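Per this note's numbering, the sequence shown starts with residue 1, numbered consecutively.
Glycine included, every Cβ here is placed at the ideal spot set by N, Cα and C.
Predicted model only: the values in this text are computed from it and were never measured.
Worksheet for the structure shown next.
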Amino acid sequence: MSSPLLSLPNELVIAILSNLPIIDLFRCEQVCKTLHSLIKSSTELQYLIALEQAGYEDVPSSAVGIPTKLEKLKAAYESWHNLKARFVTEVEVTHRPSGIYDLCGGIYLLGEETRHTLYHLTLPQHEDDKPEWKGITVTESIIDMGLSVDEHDLIAIITTTPIPITEPEEQQLHEIGLHLLQFSTGQPHPDVKVHRLVVHRSKLDRPAIGMEIVGDNLILILSHWRGGPHRPEDRLFVFEWKTGKLKMSLVAPNRSYSGPIFLAEHYFLLPNSKKGLLEVWDIPRGTSEPSPSSPRCNLLLPTLAPGRIFTSISCRGEPNPMGDTSLPGSKFRHRPYQANTDSAIMIFNVNVEPSLNRFGIHLGHTYSFFVHRRSIINVVEGVEKGLYSDASVTNGSLPPATLPVGSPPIDIHFPGPSDKPTELPGHESPTVPWAEWGPKCTRWFEVDRLPTRWITTTAGQRAVLMGREPTGGTTFMVFDFNPWNVKRVAWEDKQRQRRRRERKGKGKAVEAEDEKEDLKGKGVDRGETQVEPPTIETGSVHSPSEDGREENGATSEAADDYFYHGSPTESIMALEGDIVLEPDGVEEVEDDEDGWVTEEDEGEGEGEVENDENEPPAQQPQPLPAAGGPLNFTMLDLQHLHPGFVALLFGENGAAIQAQLAALQAPIMNNDGLGHLGELLAPEEAGGSGSSDSSNGNGTRGGSSSHAMPGAWQESDEEREESVVQAASDDEWDDDDDDDRGRGYGRDQHGRPKNGVVYKQPNQVDKIGRSFESPIISELPFVQYVARNQPSYDGVLMDEERILGIVTDEMDVIKRVDVHYFG
1 MSSPLLSLPN
11 ELVIAILSNL
21 PIIDLFRCEQ
31 VCKTLHSLIK
41 SSTELQYLIA
51 LEQAGYEDVP
61 SSAVGIPTKL
71 EKLKAAYESW
81 HNLKARFVTE
91 VEVTHRPSGI
101 YDLCGGIYLL
111 GEETRHTLYH
121 LTLPQHEDDK
131 PEWKGITVTE
141 SIIDMGLSVD
151 EHDLIAIITT
161 TPIPITEPEE
171 QQLHEIGLHL
181 LQFSTGQPHP
191 DVKVHRLVVH
201 RSKLDRPAIG
211 MEIVGDNLIL
221 ILSHWRGGPH
231 RPEDRLFVFE
241 WKTGKLKMSL
251 VAPNRSYSGP
261 IFLAEHYFLL
271 PNSKKGLLEV
281 WDIPRGTSEP
291 SPSSPRCNLL
301 LPTLAPGRIF
311 TSISCRGEPN
321 PMGDTSLPGS
331 KFRHRPYQAN
341 TDSAIMIFNV
351 NVEPSLNRFG
361 IHLGHTYSFF
371 VHRRSIINVV
381 EGVEKGLYSD
391 ASVTNGSLPP
401 ATLPVGSPPI
411 DIHFPGPSDK
421 PTELPGHESP
431 TVPWAEWGPK
441 CTRWFEVDRL
451 PTRWITTTAG
461 QRAVLMGREP
471 TGGTTFMVFD
481 FNPWNVKRVA
491 WEDKQRQRRR
501 RERKGKGKAV
511 EAEDEKEDLK
521 GKGVDRGETQ
531 VEPPTIETGS
541 VHSPSEDGRE
551 ENGATSEAAD
561 DYFYHGSPTE
571 SIMALEGDIV
581 LEPDGVEEVE
591 DDEDGWVTEE
601 DEGEGEGEVE
611 NDENEPPAQQ
621 PQPLPAAGGP
631 LNFTMLDLQH
641 LHPGFVALLF
651 GENGAAIQAQ
661 LAALQAPIMN
671 NDGLGHLGEL
681 LAPEEAGGSG
691 SSDSSNGNGT
701 RGGSSSHAMP
711 GAWQESDEER
721 EESVVQAASD
731 DEWDDDDDDD
741 RGRGYGRDQH
751 GRPKNGVVYK
761 QPNQVDKIGR
771 SFESPIISEL
781 PFVQYVARNQ
791 PSYDGVLMDE
801 ERILGIVTDE
811 MDVIKRVDVH
821 YFG
């Protein structure tokens with residue numbers, strides 16, 4: 001059957017294919033040898049696939065060619081995959097820093113003790129780069145700042161200035177100013193009409209600041225944490241920063257707000273500590289539009305235990321989205337691609353304390369949870385479609401947020417002391433219960449033992465944590481929430497388990513055969529059986545089961561394992577092996593030196609691993625039809641392809657084929673979350689092999705722990721059979737893996753976290769109810785990467801390309817920054 005698509009020149013076919021979603025590219029690769037070869041050999045298509053899987057988007061303005069971009073992507077993947085820095089650069093801090101800092105866009109900024117200068121570094125991208133400190137100085141006392149380096153080359157500096165007293169009875173007031181400067185020069189920004197705005201006047205001089213800048217919008221939060229029982233209310237301002245005009249303003253009870261996160265240019269997320277929820281607010285498109293009177297919607301957080309309150313909820317999502325008219329790229333870094341902002345994870349640090357804490361002592365607990373920005377956007381869109389129930393309940397003791405009289409349209413720099421807050425009428429915002437949005441979208445951890453003073457610990461879909469080695473030094477642990485990497489590492493782990501079982505079974509068969517041959521005096525045939533990959537057939541999924549029996553039905557373990565919201569089946573994954581970011585030269589059994597979880601690590605005590613010639617052959621794809629020959633429908637799963645593309649691919653038969661395919665049910669993976677942690681990076685102290693509860697104890701395989709090192713979880717028999725991080729049954733583990741069950745999944749024989757471990761099962765946080773009414777269940781999958789024996793650090797930070805190790809002196813003052821570059 002001739003195909004109209006394949007009759008076109010290759011350049012046109014590639015141009016057409018480049019507009020397809022990545023999953024459709026994988027499906028097209030299964031059609032015939034021509035398309036398979038074309039997709040495999042096209043650097044452009046390989047780059048698009050690699051971008052999608054890495055969670056990046058292209059920077060069209062980059063002068064770097066596509067082959068070089070692809071090489072950079074693969075090199076970066078390999079470095080992060082093994083958590084091995086390509087180089088480390090030490091940078092001494094030559095000034096005495098203040099507590100002001102930021103890390104974004106390849107820039108590390110650190111304030112100075114006198115609070116008149118902000119020093120910053122352009123972080124190295126090559127080993128021979130020599131970063132130098134540069135400063136931006138203002139005459140007024142600096143409180144804090146915000147950066148929008150990639151999008152606008154902008155730094156917004158918040159200052160405080162005492163207002164001169166003219167009358168003896170007059171109370172001292174302080175003017176809070178906003179300076180809008182060009183980051184690269186330190187001079188007034190060329191796009192700004194008014195370079196210094198008067199934001200507010202207050203009796204207190206140094207409010208806590210939360211600030212984010214996206215597009216034309218600058219969000220600023222002022223919250224006073226000092227001042228006793230008469231602390232001022234929290235204030236939120238949204239400025240059109242280029243014109244200096246105020247778009248909207250909110251007033252809320254003290255310590256309600258600490259910081260916003262942009263979901264897109266015109267709406268943002270605002271954690272409310274007083275109400276225990278996440279508010280989503282719209283921003284007016286222009287200064288002439290009215291301000292919203294209430295949030296677009298609310299997302300409830302887990303219910304607190306009696307006598308507990310949220311004292312603060314800080315948050316961050318890096319990188320920020322960009323405005324609709326902004327172009328991707330940055331003048332400070334020459335990376336040809338950047339993280340997809342919708343795919344980026346957001347971190348929330350949550351502090352819970354007793355409501356009657358009169359002594360000012362920290363008696364509470366700290367939790368961190370992660371969620372993709374896209375997940376929150378999906379929930380907001382789902383609310384508008386009526387997909388969630390409404391749990392709107394107003395706590396009468398908490399006054400709602402209000403707007404000052406004379407709210408926008410306003411063209412002034414100071415709202416005015418006469419503008420008293422007035423409660424706004426308006427409808428009650430729809431409120432989504434925690435149980436309907438939170439468990440599937442988030443991953444919670446207890447972090448009482450970890451420093452949370454620095455929140456710049458996420459970038460893209462990764463988060464970094466730090467722990468101490470018992471013998472000195474530091475452990476880096478990176479959690480990767482990229483669903484492609486979760487599936488890939490899980491698939492690799494499953495192949496290792498399969499090979500181990502086959503080697504064990506083969507070894508027993510060879511021993512029995514040797515005994516027979518010794519008696520008969522004949523040679524031994526050591527031929528091996530080909531491991532046949534599953535194939536997707538019309539109407540059913542066919543996969544040889546691990547014990548030799550065949551399973552037929554709408555789905556199978558293999559198909560269910562590799563469909564992750566539309567991701568490829570195992571046969572497609574096997575076929576496109578080098579399409580995903582396969583590190584060059586890395587064999588399926590990784591070298592012990594990289595700290596990876598190898599078969600030798602998992603099976604110590606089994607004896608020597610057999611030579612490559614005795615290794616079962618890797619899975620091979622089913623034969624594809626020759627060029628110009630009939631298309632192979634048994635390997636095709638095209639029911640999600642656009643009908644127009646199917647018509648182009650199959651010509652006059654396209655409509656009939658599409659109708660057939662539409663009748664099929666696509667196997668969809670059950671997204672049942674992963675593991676969890678609590679003691680994080682420290683060697684396990686409780687619930688190890690000596691745990692009294694061997695079946696459900698903390699740190700045991702198969703248990704449901706609340707705040708142990710990642711690993712222990714409780715799963716049903718069906719979940720155990722489907723799990724890619726546990727064997728299907730106990731007899732699939734080597735004898736010496738019994739010790740691993742006592743240590744807890746994800747730990748080595750010393751009780752330390754292992755590298756390259758996937759967590760898919762739900763975890764429980766606060767199981768005993770110290771802070772919350774019931775245990776928090778969360779399921780967001782992630783991969784754990786570990787790099788041990790790093791130098792001793794007092795903190796770690798992260799951007800898209802690097803991990804920064806922070807070294808402080810005995811007075812907790814930053815003295816040195818070590819830049820670990822991964823790419």
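Cβ contact annotation for GLY823 (same chain, cutoff 8 angstroms, sequence separation greater than five): LYS72, ALA75, ALA76, SER79, TRP80, ARG86, GLU801, in chain order. Minimum Cα-Cα distance from LEU38 among the listed residues ARG816, LEU269, GLY364, LEU6 corresponds to LEU6. Within the same chain, LEU118, GLY186 come within 6 angstroms of ILE136 by CB-CB distance, once the 5 residues on both sides are set aside. The stretch 74–128 contains, as complete beta strand (DSSP E) runs of 3+ residues, the segments 87–92, 97–104, 107–112, 117–122 (chain order). GLU57 is bridged by DSSP to GLN338. Within a 10 Å sphere around the beta-carbon of LEU363 sit fewer than 16 other beta-carbons, which makes this residue exposed.
Between GLU151 and SER326 the beta-carbon gap is near 5 angstroms, inside 8 angstroms, which marks them as a contact.
In this structure, the CA atom of SER314 is about 27 angstroms from the CA atom of VAL486.
Non-local C-beta neighbours of ASN10 in its own chain, meaning closer than 7 angstroms and more than five positions away in sequence, comprise LEU38, ordered along the chain. Three or more beta-carbon pairs drawn from the stretch 248–266 and the stretch 218–233 are found closer than 8 angstroms, and the two stretches are therefore classed as touching. Uninterrupted beta strand (DSSP E) stretches at least 3 residues long and entirely within the stretch 432–518 occur at 442–446, 462–468, 474–480, given in chain order. Listed in chain order, the non-local C-beta contacts of SER148 below 7 angstroms within the same chain comprise LEU154, ILE213, local neighbours out to five positions each way being set aside. In the structure shown, CYS32 falls within a coil segment according to DSSP collapsed to helix, strand and coil. Every alpha helix (DSSP H) stretch that sits fully inside the stretch 120–182 and reaches 4 residues is listed by chain position as 149–152. Per the coordinates, the alpha-carbon of LEU17 lies some 12 angstroms from the alpha-carbon of LEU8. Under the three-state reduction of DSSP output, VAL64 falls in the coil class, being neither helix nor strand. In the DSSP annotation of this structure, GLU800 is not part of any alpha helix (DSSP H), being labelled neither H nor E. Per DSSP, MET322 has no beta bridge partner at all. The closest CA to that of LYS275, considering only LEU299, PHE370, ILE158, PRO131, is found on LEU299. In terms of CA proximity to LEU178, THR160 leads the group PRO164, ALA305, THR160, LEU269. In the same chain as ALA264, and ignoring 5 residues on each side of it, the C-beta atoms closer than 7 angstroms to its own belong to PRO321, in chain order.
Per the coordinates, the alpha-carbon of PRO67 lies some 41 angstroms from the alpha-carbon of LEU450. Contact between THR442 and SER778 holds, since their C-beta atoms are separated by about 5 angstroms, short of 8 angstroms.
In the three-state DSSP reduction, GLU71 falls in the helix class (H, G or I). If you compare the alpha carbons of VAL350, TRP225, PHE445, ILE219 with that of LEU269, the shortest gap goes to ILE219.
In this chain, the beta strand (DSSP E) harbouring ASN763 covers 763–765.
Taking a C-beta distance under 7 angstroms as the contact criterion, GLY55 and GLY460 qualify as a contact pair. In the DSSP annotation of this structure, the continuous segment of the beta strand (DSSP E) that includes ILE221 starts and ends at 217–223. Ranked by Cα distance from LEU246, the first of PRO260, PRO284, LEU278 is PRO284.
From the listed residues ASN349, LEU103, GLU127, ASN217, the smallest Cα separation to ASN272 is found for ASN349.
For GLU279, the enclosing beta strand (DSSP E) starts and ends at 277–282.
Look at ALA391 here: in three-state DSSP terms it is coil, with no helix or strand label.
In the DSSP assignment, VAL383 falls within the unbroken alpha helix (DSSP H) covering 373–384.
Counting the other CB atoms within 10 Å of its CB gives ILE100 a total of 16 or more, which places it among the buried residues. Contact annotation: the stretch 453–469 touches the stretch 783–799, with at least three C-beta pairs closer than 8 angstroms. Non-local C-beta neighbours of LEU173 in its own chain, meaning closer than 8 angstroms and more than five positions away in sequence, comprise PRO162, ILE163, ARG201, SER202, LYS203, ordered along the chain.
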